[in-house]
Structures are given as C-alpha cells and as structure tokens.
Amino acid sequence: MKAGIHPENYRVVAFKDMSNEDVFLTKSTADTSETIEVDGVEYPLVKLEISRTSHPYYTGKSKLVDTAGRIDKFKNKYAKFKK
Numbered sequence: 000m001k002a003g004i005h006p007e008n009y010r011v012v013a014f015k016d017m018s019n020e021d022v023f024l025t026k027s028t029a030d031t032s033e034t035i036e037v038d039g040v041e042y043p044l045v046k047l048e049i050s051r052t053s054h055p056y057y058t059g060k061s062k063l064v065d066t067a068g069r070i071d072k073f074k075n076k077y078a079k080f081k082k
C-alpha cells in the first residue's frame with residue numbers, strides 16, 4: 000500500500016435505514032453532524048434510504064418504498080404540462 004493515501008479518521012458510526020428504522024454500527028470515515036444513542040452510547044449518525052435490511056435483493060420482497068417522495072416530486076413538477 001502507498002503511504003499517506005488512506006484516511007486515518009476511522010471511527011464507529013451508526014447507519015440508520017430510514018425505510019424500516021434499522022440501525023447498525025460499523026467503522027467509517029463518513030462526515031455527519033447528527034448523532035444517535037445506541038445502547039447508551041452516542042454515535043455519529045448517517046441516514047440511508049435503503050440498506051441490506053430493506054433492499055429487495057436481500058429481503059426477497061419486490062416492493063420498494065419511496066421514502067424520499069420522488070414520485071410525488073415528479074408529479075408536482077410536471078403537473079403544469081398536463082392537458
């Protein structure tokens with residue numbers, strides 16, 4: 000490995016799947032300003048729209064929840080072109 004090209008600020012971070020409220024801890028260098036308390040310890044929080052607990056490939060379910068409201072945003076944006 001080349002010296003000096005790898006980040007040194009690895010820390011334990013909580014990742015939260017917003018579609019099913021699942022939280023898991025792993026090491027990361029992701030920047031975040033939010034925190035969450037897990038088992039009495041406060042961790043930096045990274046919010047995810049989809050993770051291994053909600054992705055159809057891993058769960059075997061074909062239904063995907065639109066948590067960001069993309070469909071509604073699209074409909075509102077192009078409603079003015081409706082005849």
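Numbering (numbering that gives the first Met the number 0), first residue to last: 0 to 82. Just so you know, even glycine gets a beta-carbon here, dropped at the ideal spot from N, CA and C.
Residue i versus the options, residue with shortest Cα-Cα distance
i: E36; options: I49, A29, V22 and E48; result: V22
i: E33; options: R51, N19, F14 and E48; result: F14
i: E48; options: A29, G39 and G68; result: G68
i: M17; options: K74, Y9, I70 and T52; result: T52
i: R10; options: A2, F73, A78 and Y42; result: Y42
i: K26; options: N8, G39 and K81; result: N8
i: F19; options: A2, K79 and S50; result: Position check: residue 19 holds Asn in this sequence, whereas Phe was assumed. The candidate whose alpha carbon is nearest that of N19 is S50.
Which of helix, strand or coil DSSP assigns to residue i
i: D71; result: helix
i: Y9; result: coil
i: K26; result: strand
i: K76; result: helix
i: I4; result: coil
i: K46; result: strand
i: D16; result: strand
Beta carbon of residue i nearer than 8 angstroms to that of residue j
i: V45; j: T28; result: no
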